[in-house]
Structure formats: C-alpha cells, structure tokens
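In this note's numbering, the protein residues as written are -4 to 871.
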Amino acid sequence: MTQVKAIRRFTVRTVLPEPIRPLARLASNLRWSWHRPTRELFATLNPRIWAESGNDPVSFLGLASREEFAELAADPEVVEQIAAAAADLDRYLEQPRWYQGLGAEAPAAIAYFSPEFGITEVLPQYSGGLGILAGDHLKAASDLGVPLIGVGLLYQAGYFKQSLSRDAWQQETYPVLDPDGLPLTLLREPSEEGQGRPLEVSLPLPNGRRLLAHVWRADVGRVPLLLLDSNVPGNDDAARGITDRLYGGGGDHRLQQELLLGMGGVKALRAYQRLTGTPAPEVFHTNEGHAGFLGIERIQELMAGEQALSFDEALTAGRASTVFTTHTPVPAGIDRFEVAQISHFFEAGLAPDVPVAKILELGRENYADGDPSVFNMAVMGLRLAQRANGVAKLHGEVSRGMFSALWPGFDHAEVPITSVTNGVHVPTWVDSRISALARSQFGSEAEANGRWDLAYNVSDADVWTLRREMRSALVADVRQRLRASWKKRGAADAELGWTDNVLDPDVLTIGFARRVPTYKRLTLMLREPDRLKALLLHKDNPIQLVIAGKSHPADDAGKKMIQELVQFTDDPEVRHRIAFLPNYDIAMARTLFPGCDVWLNNPLRPLEACGTSGMKAALNGSLNLSVLDGWWDEMYDGENGWAIPTANNGASPEERDDIEAAALYELLETQVAPRFYGSSVSEAAGAAGPSTTASKEAVPTHWVSMIKHTLAHLGPQVSADRMLRDYVNVLYRPAAEAGRTAVANSYAQARTLASWTASVRAAWPLVSVEHVDSVDVSADPQIGDTLQVNAYVALSTLKPQDVSVEVAYGKAEESDSLTDVTLIELKAQEDLGGGRHLFSGSLVIDRSGSFGYTVRVLPRHDALASKAELGLIVNA
C-alpha cells in the first residue's frame, strides 16, 4: 500500500474537565521548566504519558485521553493537588518580589530584544550561549519581579537537529514546528464575536511587497515573551520563509530577519501594550546587534508623532533610554551588510520620516581602518545606545579596544563600554539531587535564600556520594544516547553491545560541550593523540571524556573538527572512555553538567566573551579546568579549579596550540587526576614528581574541599539573580532616569541636547589648547609639592561651561606616554577675548621618578552619560 502523507498537520488542544482545568495554565506558563514541584505534579499524574511526552506538559495534555482526564478529575486528591499548584503559581505571579522593593523610580517596564531565547528544549529557539543567556535573563527577571518584556522571532524549524554520518560528518535536519503544539498563545485583536483575527505586524519591502507577521506570546513566569512569525497567510513564499530558521540563509534573508526583529518587534510591543494595557517600556535593551534596528523604529515613531521631533532630537531621546550589550570579542562575529543593501530596503519606506542617509551613517564604518562601504550592526547598536556593556570584565576590556576607533583620541580604558558579567539561572541548572540535599540538611528556607556557604556543613562522605550519583546518571544517559547515535549512523543492534559498558561511574569524568567554532578549539585535546590515550587508559588514575557540540551548518572547519574528534572516539581501544554526543541541547545539558567532575574550556584567549557553561558546571560542584578567559579570568581563585597557562603573544598559532595542549596534559597528569583519586604526594618528591608509593583515600578530602569552596564562593557570583541586579542598578535604572528626563516637558532636554551637540560638533574643529605653563613651588620638585597648571584654550563659539578642561598626570614613559593617570579638572579663570579662555588648577606631585602631565579638552553636558560619549577630545 502506498504510504499516505498529510498535506497539512496541526495540533488539537484538549478541553479539560472543569475540576482539573488549571492544568492548562500550569502547562502554558514556562515556569514549569525551572519549577520542580510543577514538573513532579505532571509526572505523578501519569508517569507513562509524562515519559512519552518528553517531559513536556503541553505535549502531555495532548497525549492523554478524555477518559484518563475524566478519571483524574474524579479523584479529589488529584484535584486538590492541581488547585494547590495553581494557587502557588498565582502567588508567584502576583506577590511583590525583590524589584518591587526598589520604589516608584525603578523602570515601569523594560523591553529586551534578542534573536534567540533558550528557555526549554520544548521551545527550540536557540543555538548556543547567546540564546541560553537570554533565556536565563528572562527567568531571573521573573524570579526577581523585574518587569521585562522579551521580544524575538519564532523560527519555523528552530536551529537544527544534529546527527552524524557513518564517516562522522555532521548532518543537519530542520523539523518544522507547529506553534499550536508549543506553549504559545497567538495574540488576537479584540472582537465582540469572540476570538478576533490574529494581531498582525506589517513592514514594507522593496518592489511593492509587504512583510506580515503574527505575534505569539510565551509566558516565562511573570515575563511575557513576544515572538514574531512570518509564516502567515498574506505573505508570498519568500516572505513566509523569513522566519524559517535561526541564523538561516545570508545576505537579504538575514537582513530581513533583523529588520523584522528590530522594527517589527517595536510594532509588536506597541500592539501588545494596546491590547493588554501594560506600561510602555522605559528602557530598551538590545541583546547583540541583531536587534539594532529597533532604534530606527523608535526614531521613526518620534519623528512622525505629535511632537514631530527632528532626526537629531529623536536620536537623542531614543539613545537616552537604550542599552546595548555586545557579546562578541572579534569583528568577524558581527553582522555586516553592504551600505547599498541597507539603502535598498529603507528606500522602500521602512522608516518614511527618517532620512535614509542618516540611517546609513549610524552603521557606516567611517573611522580609521573601517570600511565605509559596510553597514556594521554593532556600530549602529553603539551609536543608538547611550549605555553599552560587555559580558565579563575581560570582555569589557576587549570590547573597549575593539570599538576604540569610534572614540579616537581616548585611552581604551575611557571608551564608554562597561561590563556586566553573565550569570546562569540557578533553578534551571542546579541538579535536583543538590537541591534535595540542601532541603533535607538545611530546610527549604536555606535553599530559597541561596545559602551557598552551607556547603561547608555537608560531610565529605555525603558530598562524594552525591557526586557519584550524578556521575552514574550521566553514564547511563551517555550509553543510551551513544547507542541511538550509532543506530542513526547505520550500525545494527548486533554491533552495539559495547555501548552497554561505555564510561565508568567511578572514573574521573571531564566534560566539554559548546558550539564548535574554531576558536573554541574542540580538538586541542587531540594535539598529542598518544598522550590523550595514555590519560584515558591510565592504570591507576584514568580519565573519561564526554563531549558535545554543534557546528554552524556553513562552517566546514568546525564540522571537520567534529569529524576528527569523533573518528578518535570510534577507536575500539578508547571508545569506552570517550564519547561524542550529537544534538547538544538543554535536556542533555541538565544531565551533563552535574555528571562531570571537571569542566574543560580551552578557547583562544581572549576570544571567549564569557562562556557560561563552566558556570553551570560549578553550580553542581564540578571544578573548572580552563584557559583564563571570559568569566574564569575574573573568578578563578586557585581553589575552584585550574587555570591552563596560555602562550605569549609572540607564538605562532601552531606553537601556541602545542604549548597550551602540553600544559593541559601536564595539569591532567600531575594535578587533576591524582587529586581526584586521592593519591597523596610525598613532600620529599618535590621536583622529581609524584611519589611512586601514592596512597588512595576512600574520600579524596582535598578534592571535596575544592567542591565545597566552589559551591560556596562561585554559587552567588555566577547566579543570574546577581547578573539581573547588576543590570538593574548599573544600566536599567540610569537609562530610565535619563529617558524620563529627555522626554519631560515635550522633550525639552532632548531638543536642547540635540541643538547643543550640533553646535559643539560644528565648533570642535576650531577648539585647541594653545599654550600650557606651570608654576613650580621649587626648582627641584619633590613628593608633596604643588604644581599650578595654566591652560590657554581657544573655544571658538563655545562657552567655558560647554567643556571640561582637564590636566592628566602620571608616570611618564620614555615615549612620553602616561601611565597610572590621575585627572583633575581645571577651572575657568579669565575670558581673554576672541573665544580664548584661561583655565587653571593645581595638582600635588604624588610620586617619585619620571613624572609628566598634559592638558585635554572634552565636551561637558549634564545629560551625557560619559565624557567620552560624543567621541570628541582635544589633547594639548
């Protein structure tokens, strides 16, 4: 019989009996993805269906029969449990939380735009770290009561599912998702007849075409997430495919995704406000440059609105309340389009009141070593936001250097990009066994309050037993996944008996899982294959490795690395000690992180922006073994893991990899493995190496002490709650205050600042420091002496209050450059006529040796967030 295929597929949602109707609300709110009691409730209702559903409540409701629901509804105890769970959800959604204690001055709402969101594997709208970070950002905002609204795209096929061919080459498939089968609600216009027509967002495209999108809402606890979907009636085939897959296509396809995300996202947000009456966002947060066009849509709103602001006024008003987060430490990681390409789309009327030439200048690389024919999304993001940040302290430094050309004349340290180190959502990533141990030993209050320091009060034996339980769970999971992977590669069941004995629950287990771009160096561990084999097969101190990761479909170099690694793992001699697991996702991660004793990370420093996978491992008592990059650079303390030494900058790529691989092997051989197995090393051995008479401890006390230290010290630091509080206090609250001031009194300050900025820019080419002299207290200056500095400055049409004149002093190097610089502002003393002014001040000589100073002039206005904001400076 010929196989029958459906021409259309859709999901029918079940109508629940009244007594258990709250199950629908419990399933639709994604709080269940991090709220253990809700998941346990669904699991106990019907364990078989729960397992069949893949632990997905929405799927669970679709799989159960009417008879099964009727049986549940007839059970008073079940009805009571469901009612209690629904009441708990209501309390969570309604009761004041941390943010509500900040007072009325805190932003009423914050819009958070991101191209991907990793909340749960049930909603596969993420590819890697950026999306997982965005998902954790929303979850932590919900837990803290931060009034965030997420905005993204709904991809018809998500990212991709990864499998391997027989010769270990990555293969991609793109299963089409049915939104009706996901925990989503389609936004509809109100209608007296009942269900209204779907809410629709519209953007004009070249050649008279239009791009339409529906808007789906996911409830992430207290946080609504709006996802735009172009696969709708009314679009032509090309437009329907714009949201086909995450980071799919290139050129015009990617550009249209980003136009829909940014400009369409603002339109969706406004429509959502209209439908629900929620407050308008006071802060707009752009998570990476992909969403940068939101700033253009906001400028369009202001120019076309009742106030009819000019472009410069609208730009000024929008910038004040915008935050931009950059996640990439390399220019190659930034989306760049041809200027002509951008012009082509905007000339179709995307922002009819905004001059296209002004839009092009926002993203143009019109600076030293830039390419003026290119439109740079990160550059636009920085120019549209008054506040910007990297995602770790080191990444902040790297970003200030990478974008320094936008602020010529300023030291890298003064470039106005701060940093907020990423964090991870603890309830999502900490293993339930750790939570259960904390509750049993210290009570639910300690768990709720994040008392990580109580880890010191757990006995060494309990910690070691817990670690083995989690390792054993990983071993079982790996065996199951590896067998399934080999079957997809074409192996028969008769060939796969060996998978039943892969890994050992008593062997030191090292994890490595992340996206596979070349800079993350998946195959560094293979630099000396024989040395790795010796570590895997060591008689006394063996190691085992669990590895996972996806390469971008267009990245053949990354796929080649996966192939090389998998071919090594296929070797019968070592395949029981090393496994590669395809299709890395959130579900796999929740077993992988807790089950690994050590988390390995060996990127090219400083190319890891943050790298939160090691944070998730640390929450579960795993120790990190990492290059000092990203978050590890600031949080490694010598007792929470190991730092892999890096080669100096003069080494060639080959030499660097050789040196760092050798350092990795050395650490594993002499420190990591011996400590895990509790091998004592005689003090007399010294430089000669470990004692040949090493003894083994039943519980390796030094290793367990490192676990406790990691939990107690890293737990609070790597938490997304800490991250969100930092965003609120460092970026959101100042941005909201600046935004309110800019728009008050019919945008009075925005208009004034825009006019002032224009006058400063016009006059700046004529500003100069004409002469500097100093009056020494003695001919032989000593520490403690006072030095008076007089600066004669030509300001053209500017007034002294328009500028800050500073003396910068410090240690003078042979090149006359200053280090360890201190700044003191000079005061305007005398108007010398003709736009010339005398500024004076005094400084105390506070150091011996070579001493130097200089004078510089910068614009000054109370509404500027940084004195470097305008990128204008005159140095003497």
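Glycine is no exception: its CB is placed at the ideal position from the N, C-alpha and C atoms.
Relative to the alpha-carbon of residue i, which residue among the options has its alpha-carbon at the smallest distance?
i    : options                   : result
G609 : N596, G485, P601 and A104 : N596
A163 : R269, H132, A69 and F575  : F575
I294 : V261, A266, P577 and Q824 : V261
E732 : G257, P276, E116 and R61  : P276
L88  : L36, V141, L40 and T665   : V141
D551 : Y787, T513 and P524       : T513
V325 : L662, L602 and T9         : L602
G98  : V764, R728, T317 and A286 : R728
K554 : A22, L159 and A803        : L159
P17  : A68, E655 and A468        : A68
R378 : G257, L706 and L357       : L357
V419 : A613, V334, K353 and L818 : A613
S467 : S122, A604, L491 and P589 : P589
R86  : L21, K528, D768 and R212  : L21
K353 : V393, T323, E308 and G396 : E308
Between residue i and residue j, which are expected to be in contact by the criterion C-beta below 8 Å, what is the C-beta distance as a whole number of angstroms?
i    : j    : result
K703 : A450 : 5 Å
V410 : T320 : About 15 Å separates the two Cβ atoms, so there is no contact after all.
T494 : V541 : With 8 Å as the limit, T494 and V541 do not qualify as a contact, their Cβ atoms being about 14 Å apart.
F64  : I15  : 7 Å
G636 : N619 : 4 Å
A860 : Q381 : 5 Å
W337 : L310 : The displayed chain sequence assigns Ile, not Trp, to residue 337. Not really, about 17 Å apart at Cβ, beyond 8 Å.
T317 : A104 : The Cβ separation is near 14 Å, so there is no contact.
K545 : R572 : At roughly 23 Å, the Cβ-Cβ gap does not stay under 8 Å, so K545 and R572 are not in contact.
S537 : V497 : Going by the sequence as given, residue 537 is Pro instead of Ser. Actually they do not touch by this definition, with Cβ atoms about 14 Å apart.
Can you name the residues that DSSP bridges to residue i?
i    : result
A823 : F834
D224 : H209
S414 : G385
F846 : K806
A543 : A508 and L576
H766 : Y787
R183 : P193
Q165 : L159
N371 : R331
W594 : G506 and N619
R851 : E801 and N870
R359 : F370
Y121 : Looking at the DSSP assignment, Y121 forms no beta bridge with any residue, so it has no partner.
H390 : According to DSSP, H390 bridges with nothing at all.
For the ligand ADP, is there a heavy atom less than 7 Å away from the beta-carbon of residue i?
i    : result
P170 : No copy of the ligand ADP occurs in the structure displayed, which carries no ligand at all.
Would you give the residue range spanned by the alpha helix (DSSP H) that residue i belongs to?
i    : result
L719 : A715 to D721
F563 : D551 to T564
P52  : P52 to L58
Y87  : P71 to E89
A753 : R728 to A758
P711 : T696 to Q712
Y660 : P648 to L662
I872 : Nothing in the structure corresponds to residue 872, since the chain is present only between -4 and 871.
H132 : G124 to L139
W626 : G625 to M630
For residue i, report the span of its beta strand (DSSP E) as first-last.
i    : result
N30  : Correcting the residue identity first, residue 30 is His in this sequence and not Asn. It is not in any beta strand (DSSP E) - H30 carries neither H nor E in the DSSP assignment.
G203 : Here G203 belongs to no beta strand (DSSP E), and DSSP marks it neither H nor E.
T320 : T317 to T320
Give a yes or no on whether 8 Å exceeds the smallest Cβ distance from residue i to chain C.
i    : result
L221 : Of the protein chains in the structure, only one exists, and it is not chain C.
Could you tell me whether the segment 704 to 724 touches the segment 123 to 139, where touching means 3 or more Cβ pairs closer than 8 Å?
-> yes
Does the segment 754 to 770 come within contact of the segment 810 to 817, defined as at least 3 CB pairs closer than 8 Å?
-> no
Is the segment 153 to 170 touching the segment 643 to 658, taking contact as three or more C-beta pairs under 8 Å?
-> no
Touch check for the segment 169 to 176 and the segment 188 to 204: three-plus C-beta pairs under 8 Å?
-> no
May I ask you to verify whether the segment 146 to 161 touches the segment 209 to 222, counting CB pairs closer than 8 Å and requiring at least 3?
-> yes
Can you find at least 3 beta carbon pairs, one from the segment 112 to 120 and one from the segment 25 to 35, that sit closer than 8 Å?
-> yes
Do the segment 439 to 454 and the segment 739 to 750 touch if we need at least three Cβ pairs shorter than 8 Å?
-> no
How do the segment 774 to 785 and the segment 830 to 843 stand: do at least 3 beta-carbon pairs fall below 8 Å, yes or no?
-> yes
Within the chosen definition, does the segment 71 to 85 reach the segment 248 to 257 through at least 3 CB pairs nearer than 8 Å?
-> no
Would you be able to state if there are at least three C-beta pairs under 8 Å between the segment 186 to 198 and the segment 569 to 584?
-> no
Just checking, does the segment 234 to 247 make contact with the segment 290 to 308 on the three C-beta pairs under 8 Å criterion?
-> no
At least three beta-carbon pairs within less than 8 Å, the segment 474 to 484 to the segment 705 to 715 | no
Please confirm if the segment 528 to 536 is in contact with the segment 663 to 670, defined as three or more CB-CB distances below 8 Å between the two stretches.
-> yes
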